[in-house]
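Going down the list, the protein sequences come from chains A and B. Its first residue numbered 1, the first sequence is counted upward by one per residue in the working numbering. Its first residue numbered 112, the second sequence is counted upward by one per residue in the working numbering. Read through the structure below, which is laid out as structure tokens, and then see the notes.
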Amino acid sequence: GDSVTQMEGPVTLSEEAFLTINCTYTATGYPSLFWYVQYPGEGLQLLLKATKADDKGSNKGFEATYRKETTSFHLEKGSVQVSDSAVYFCALSLNDYKLSFGAGTTVTVRA
Amino acid sequence: EAGVAQSPRYKIIEKRQSVAFWCNPISGHATLYWYQQILGQGPKLLIQFQNNGVVDDSQLPKDRFSAERLKGVDSTLKIQPAKLEDSAVYLCASSLLWGGTTDTQYFGPGTRLTVL
Chain A
1 GDSVTQMEGP VTLSEEAFLT INCTYTATGY PSLFWYVQYP GEGLQLLLKA
51 TKADDKGSNK GFEATYRKET TSFHLEKGSV QVSDSAVYFC ALSLNDYKLS
101 FGAGTTVTVR A
Chain B
112 EAGVAQSPRY KIIEKRQSVA FWCNPISGHA TLYWYQQILG QGPKLLIQFQ
162 NNGVVDDSQL PKDRFSAERL KGVDSTLKIQ PAKLEDSAVY LCASSLLWGG
212 TTDTQYFGPG TRLTVL
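Put into structure tokens, the structure is as follows:
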């Protein structure tokens, strides 16, 4: 079935470090891809998305590029801040519009 | 703009008891979703409503779970009777239109259920 596999955590970084969270997908068609973030005590919120191959989604300094050839959608940020500490979820959606989520990656940024 | 509201935020019950969760979506949002998030896993869709009709309930354990969205606004999710494996966070989300990939889902804070 359609699924998402993302890098296991937890990930602990120092402020201003480079962050990468790997995400790969398996899908029967051509999905749209998403990154959601859950800050402590808050609900899930959409961070960025890409709807077709080679699209790049970006928001709040985060970027992810839809790579069809490697079925990947890795999340990157060049210089993280303490406020980026959160759980990050990769997700996909196909024609039925259901979101299928990965297991989540917990990121902690130390000052 | 007010976000998706859920209550209660936390609930602890004994197995075989019943429990209900409430969700009020963002005003004007046609589509409402209930997800189950078990610890260490990503959210899993239980049921999707468009207005007050069910679009997808293929992953809802219908022998014990039920959901309704009267008048196409707020919604309740019920578990009766609860099992230990129902311990999870129950997330409600809403989106403006019909839930397509260009239609962002907005999530509530969730209800954390513990079944003892």
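Even for Gly, the Cβ is constructed at its ideal location relative to N, Cα and C. None of the values given here were measured: they were computed from a predicted structure.
Exposure label - Gly219(B); buried when at least 16 CB within 10 Å: Under this definition Gly219(B) is a buried residue.
Touch test, the segment 80 to 97 of chain A against the segment 30 to 42 of chain A, Cβ-Cβ under 8 Å, three pairs minimum: With three or more CB-CB distances shorter than 8 Å, the segment 80 to 97 of chain A counts as touching the segment 30 to 42 of chain A.
DSSP three-state assignment for Gly57(A), whether helix, strand or coil: Reduced to three states, the DSSP call for Gly57(A) is strand.
Proximal residues, the segment 138 to 159 of chain B versus chain A, C-beta separation under 7 Å: The residues in question are Gly151, Gln152, Gly153, Pro154 and Leu156.
Sequence-distant residues of the same chain with beta carbon closer than 7 Å to Gln128(B), five excluded per side: Excluding sequence neighbours, Gln128(B) sits near Pro192 and Ala193.
Interface positions of the segment 43 to 56 of chain A facing chain B (Cβ-Cβ less than 9 Å), listed along the chain: So the list reads Gly43, Leu44, Gln45, Leu46, Lys49 and Thr51, given in the order they occur along the chain.
Contacts that Leu202(B) makes with chain A (C-beta to C-beta distance below 9 Å): Per Cβ cutoff of 9 Å: Gly43 and Leu44.
Reference Ser206(B); option with closest CA among Ala113(B), Phe132(B) and Ile137(B): Among Ala113(B), Phe132(B) and Ile137(B), the Cα nearest to that of Ser206(B) belongs to Ile137(B).
Pairwise C-alpha distance: Cys203(B) and Gln148(B): The straight-line gap from Cα to Cα measures roughly 11 Å.
When Thr5(A), Lys52(A) and Ala27(A) are compared against Ile21(A), the one with the closest alpha-carbon: Residue Thr5(A) holds the alpha-carbon nearest to the alpha-carbon of Ile21(A) among Thr5(A), Lys52(A) and Ala27(A).
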